[in-house]
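Participant: Handing you this structure, nothing more for now.
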Amino acid sequence: MKILFWVPYPTEGASNRYRIQQYFPYLEKHGIEYTFRPFWSSRAFKMLYRNKGAHLQKIFFFLKGTFTRIIDLFLVHRYDIVVIHRQAYPIGGAFFERILSRMNKPIIFDFDDAIFLSDTCKSNFFAEAFKNPQKTSQIIALSSAVIAGNSYLAAFASQYNRNVSIIPTPVDENTYVPVQKPHQETVVIGWMGSVTTSLFLTAIRTVLIKLVNTYPHVRCTIVGGEFEVPGVASITSKPWSLEGELSLLQSFDIGIMPMPDNDWTKGKCGFKALLYMSVAIPCVCSPVGFNNEIITEGQNGLFARDEKEWFDKLALLIENKELRQRLGSAGRKTLIEKYSLSANADKFIAVLQNVYATHCRKT
Numbered sequence: 372m373k374i375l376f377w378v379p380y381p382t383e384g385a386s387n388r389y390r391i392q393q394y395f396p397y398l399e400k401h402g403i404e405y406t407f408r409p410f411w412s413s414r415a416f417k418m419l420y421r422n423k424g425a426h427l428q429k430i431f432f433f434l435k436g437t438f439t440r441i442i443d444l445f446l447v448h449r450y451d452i453v454v455i456h457r458q459a460y461p462i463g464g465a466f467f468e469r470i471l472s473r474m475n476k477p478i479i480f481d482f483d484d485a486i487f488l489s490d491t492c493k494s495n496f497f498a499e500a501f502k503n504p505q506k507t508s509q510i511i512a513l514s515s516a517v518i519a520g521n522s523y524l525a526a527f528a529s530q531y532n533r534n535v536s537i538i539p540t541p542v543d544e545n546t547y548v549p550v551q552k553p554h555q556e557t558v559v560i561g562w563m564g565s566v567t568t569s570l571f572l573t574a575i576r577t578v579l580i581k582l583v584n585t586y587p588h589v590r591c592t593i594v595g596g597e598f599e600v601p602g603v604a605s606i607t608s609k610p611w612s613l614e615g616e617l618s619l620l621q622s623f624d625i626g627i628m629p630m631p632d633n634d635w636t637k638g639k640c641g642f643k644a645l646l647y648m649s650v651a652i653p654c655v656c657s658p659v660g661f662n663n664e665i666i667t668e669g670q671n672g673l674f675a676r677d678e679k680e681w682f683d684k685l686a687l688l689i690e691n692k693e694l695r696q697r698l699g700s701a702g703r704k705t706l707i708e709k710y711s712l713s714a715n716a717d718k719f720i721a722v723l724q725n726v727y728a729t730h731c732r733k734t
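If you want it as structure tokens, here you go:
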């Protein structure tokens, strides 16, 4: 079996890194050959979300990505299946997907967000302005199989395709592990994400300020987003990096995941919560979408619905180290049982094998 993976981002992009690239060692164990082809290069990816100018450079990288996809079409006969994560091409309709369909090349479509909705990222208008969310249903209809990150996304996909599997975004439990922390008084409330989701932190801005003013030993660390609180030294923002992700995550004592309740966030796969749980950090989350399936209130995490609950739940964890340890350990157990890489790899391999057996195997 030979697979061509079309993904939007390089390895720095969390979405395809966790939903696609994590499985590569398992593919190799099953004798499955693969080629990984992101649309945006590493240099382009760094520029897209961090540099609001540089339009000529962005156009250059866009043309380069387009050329890569065109070349792939001439080489696609070498592969049995094309796996497309989110989309093959960032603008327009399902052009490349339709060409694959006309070539009778089986497609497996994987998605982990409500990309069928219109949602513009203010930090990257260049990449978002020409999106065509309506094409998602077309890609799903053209696919031999669909992998959805949660039940909400699967319900949408099932309107256009009968062969839909739910596979959550897994975490490698052998890489993301708890660490023994030295005795210290400081308690770190942490958030890890991107510029796009850091907007959700504004809903609890006053809560975080009140917490660090109430508890002098509390620090807030925001990783990967833009969240500035002038004059409050206890709340800091740090850049995300592939190399530093794990150590920063392990430095947290409490993880937070605030989100508004809307159709877009219902499509989220709760990955921040899963990251926190993987390293045995207790998390406080908004009870939105897939979070309700991951978290059991008071057993492996806590929910907060408004500013008062956010303050009270975080204060409870700040004051009670034993509760932090208990919830963190329970969260790690939940992660291993349901949302770890080892718990989901066979499901991913099975989708590939079923499509190969149905559409590719020569008799």
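The sequence shown begins at 372 in our numbering and counts up one residue at a time.
Note that beta-carbon positions come from the ideal geometry of N, C-alpha and C, so glycine has one too.
What are the start and end residues of the alpha helix (DSSP H) that includes Gly702?
Facilitator: As a working note, residue 702 is residue 331 in the sequence shown. Element bounds for Gly702: 692 to 705.
Participant: Assuming Arg473 and Thr439 make a contact with CB atoms under 8 Å, what is their CB distance in whole Å?
Facilitator: Here residue 473 refers to the residue found at position 102 when the sequence shown is read from its first residue. Here residue 439 refers to the residue found at position 68 when the sequence shown is read from its first residue. Approximately 20 Å separates the beta-carbon atoms of Arg473 and Thr439; this is outside 8 Å, ruling out the contact.
Participant: Less than 6 Å between C-beta atoms, sequence neighbours within five positions excluded: which residues of the same chain meet that for Gly596?
Facilitator: Counting from 1 along the sequence shown, the entry for residue 596 is found at position 225. Here the set comprises Gly564, Val566, Ser569.
Participant: Quick one: measure Cβ to Cβ for Leu488 and Asp634, integer angstroms, because I've assumed they're closer than 8 Å.
Facilitator: By one-based count along the sequence shown, residue 488 stands at place 117. By one-based count along the sequence shown, residue 634 stands at place 263. Sure, about 6 Å apart at Cβ, within 8 Å.
Participant: Using DSSP's beta-bridge definition, name the partner residues of Trp562.
Facilitator: The count along the sequence shown starts at 1 and reaches residue 562 at position 191. Answer by DSSP bridge pairing, in chain order: Ile593.
Participant: So Phe719 packs on Ile478, CB below 8 Å; how close in whole Å?
Facilitator: Taking the sequence shown and counting its residues from 1, the one referred to as residue 719 is at position 348. Taking the sequence shown and counting its residues from 1, the one referred to as residue 478 is at position 107. Not confirmed; about 16 Å, so no contact.
Participant: Give the straight-line distance between the Cα atoms of Ala385 and Asn584, rounded to the nearest whole angstrom.
Facilitator: Numbered from its first residue, the sequence shown carries residue 385 at position 14. Numbered from its first residue, the sequence shown carries residue 584 at position 213. For Ala385 and Asn584, the distance between alpha carbons rounds to 33 Å.
Participant: In chain order, what residues of the same chain have a beta carbon less than 6 Å from the beta carbon of Val594, not counting five sequence neighbours either side?
Facilitator: The residue labelled residue 594 in the question sits at position 223 within the sequence shown. Excluding sequence neighbours, Val594 sits near Met563, Lys609, Trp611, Leu619.
Participant: With a threshold of 8 Å, are at least 3 pairs of Cβ atoms found where one atom belongs to the region 646 to 656 and the other to the region 692 to 703?
Facilitator: yes
Participant: Return the first residue and the last residue of the beta strand (DSSP E) that Glu404 is part of.
Facilitator: The sequence position of residue 404 within the sequence shown is 33, counting from 1. 404 to 409 is the span of the beta strand (DSSP E), which, as asked, contains Glu404.
Participant: Just how far apart, CA to CA, sit Asn387 and Asp677?
Facilitator: Locating residue 387 in the sequence shown gives position 16, where the first residue counts as 1. Locating residue 677 in the sequence shown gives position 306, where the first residue counts as 1. Their Cα atoms are separated by approximately 32 Å.
Participant: On the three-pair Cβ rule with 8 Å, is the region 375 to 384 touching the region 449 to 456?
Facilitator: yes
Participant: With DSSP run on the structure shown, which of helix, strand or coil describes Trp377?
Facilitator: On the sequence shown, residue 377 is found 6 positions in, with the first residue counted as 1. Reduced to three states, the DSSP call for Trp377 is strand.
Participant: Give the range of the beta strand (DSSP E) segment to which Thr573 is assigned.
Facilitator: Here residue 573 is taken as the residue at index 202 of the sequence shown, counted from 1. Per DSSP, Thr573 belongs to no beta strand (DSSP E) and is neither H nor E.
Participant: For the region 531 to 548 against the region 397 to 406, do three or more pairs of beta-carbon atoms, one drawn from each stretch, fall closer than 8 Å, so that the two count as touching?
Facilitator: no
Participant: May I ask you to report which of helix, strand or coil DSSP gives Asp543?
Facilitator: Against the sequence shown, residue 543 aligns to sequence position 172. If DSSP states are grouped into helix, strand and coil, Asp543 belongs with coil.
Participant: Taking only the alpha-carbon atoms, compute the straight-line gap between Thr573 and Ile707 and give it to the nearest angstrom.
Facilitator: Counting from 1 along the sequence shown, the entry for residue 573 is found at position 202. Counting from 1 along the sequence shown, the entry for residue 707 is found at position 336. Approximately 32 Å, taken between the alpha carbons.
Participant: So the beta strand (DSSP E) Phe480 belongs to, where does it begin and stop?
Facilitator: Sequence index remark: in the sequence shown, residue 480 carries index 109 (1-based). Taken as a continuous stretch (DSSP letters only), the beta strand (DSSP E) holding Phe480 covers 478 to 482.
Participant: If you drop the 5 nearest sequence neighbours on each side, which residues of the same chain put their C-beta closer than 6 Å to that of Ser713?
Facilitator: Locating residue 713 in the sequence shown gives position 342, where the first residue counts as 1. Excluding sequence neighbours, Ser713 sits near nothing in its chain.
Participant: Whose CA, out of Gly520, Ile518, Asp443, Val542, lies closest to the CA of Ser711?
Facilitator: For this step, residue 711 is matched to residue 340 along the sequence shown. Here the closest residue by C-alpha is Val542.
Participant: According to the Cβ coordinates, are Val726 and Ser515 closer than 7 Å?
Facilitator: The residue you call residue 726 lines up with position 355 of the sequence shown. The residue you call residue 515 lines up with position 144 of the sequence shown. Taking 7 Å as the Cβ cut-off, Val726 and Ser515 qualify as a contacting pair.
Participant: For Asn691, count neighbouring C-beta atoms within 10 Å of its own C-beta (all shown protein chains included) and say buried if the count is 16 or more, exposed if not.
Facilitator: Residue 691 sits at position 320 when you count from the first residue of the sequence shown. It counts as exposed.
Participant: Got a sec? Which residues, its chain only, sit under 7 Å from Phe527 by beta carbon, not counting five neighbours each side?
Facilitator: On the sequence shown, residue 527 is found 156 positions in, with the first residue counted as 1. For Phe527, where only same-chain residues beyond five positions count, the Cβ hits under 7 Å are Phe487.
Participant: For Cys591 and Ile606, I'd like the C-alpha separation in whole angstroms.
Facilitator: On the sequence shown, residue 591 is found 220 positions in, with the first residue counted as 1. On the sequence shown, residue 606 is found 235 positions in, with the first residue counted as 1. Rounded to the nearest angstrom, the two C-alpha atoms are 5 Å apart.
Participant: Within its chain, find whatever has a CB closer than 7 Å to the CB of Ala459; leave out the 5 residues flanking it on each side and keep chain order.
Facilitator: By 1-based counting over the sequence shown, the position of residue 459 is 88. Within the same chain, Ala459 has close Cβ partners Trp377, Arg440, Phe467, Glu468.
Participant: Would you call Gly672 buried or exposed, if buried means 16 or more other Cβ atoms sit within 10 Å of its Cβ?
Facilitator: Here residue 672 refers to the residue found at position 301 when the sequence shown is read from its first residue. By the 10 Å Cβ count, Gly672 comes out buried.
Participant: How would you write the range of the beta strand (DSSP E) that Met628 sits in, first residue to last?
Facilitator: For the purposes of this step, residue 628 is taken as the residue at position 257 of the sequence shown. Taken as a continuous stretch (DSSP letters only), the beta strand (DSSP E) holding Met628 covers 625 to 628.
Participant: I'd like to know whether the C-beta atoms of Trp681 and Val578 end up nearer to each other than 7 Å.
Facilitator: To locate residue 681, count along the sequence shown from 1; it is residue 310. To locate residue 578, count along the sequence shown from 1; it is residue 207. Closer than 7 Å, so yes.
Participant: Helix, strand or coil, according to DSSP, for Thr607 in the structure here?
Facilitator: For the purposes of this step, residue 607 is identified with residue 236 of the sequence shown, where counting begins at 1. Thr607 falls in the strand class under three-state DSSP.
Participant: Look at Tyr547 and Ser649 and say whether their C-beta atoms are less than 7 Å apart.
Facilitator: Numbered from 1 along the sequence shown, position 176 holds the residue referred to as residue 547. Numbered from 1 along the sequence shown, position 278 holds the residue referred to as residue 649. By the CB criterion at 7 Å, Tyr547 and Ser649 fall inside the cutoff.
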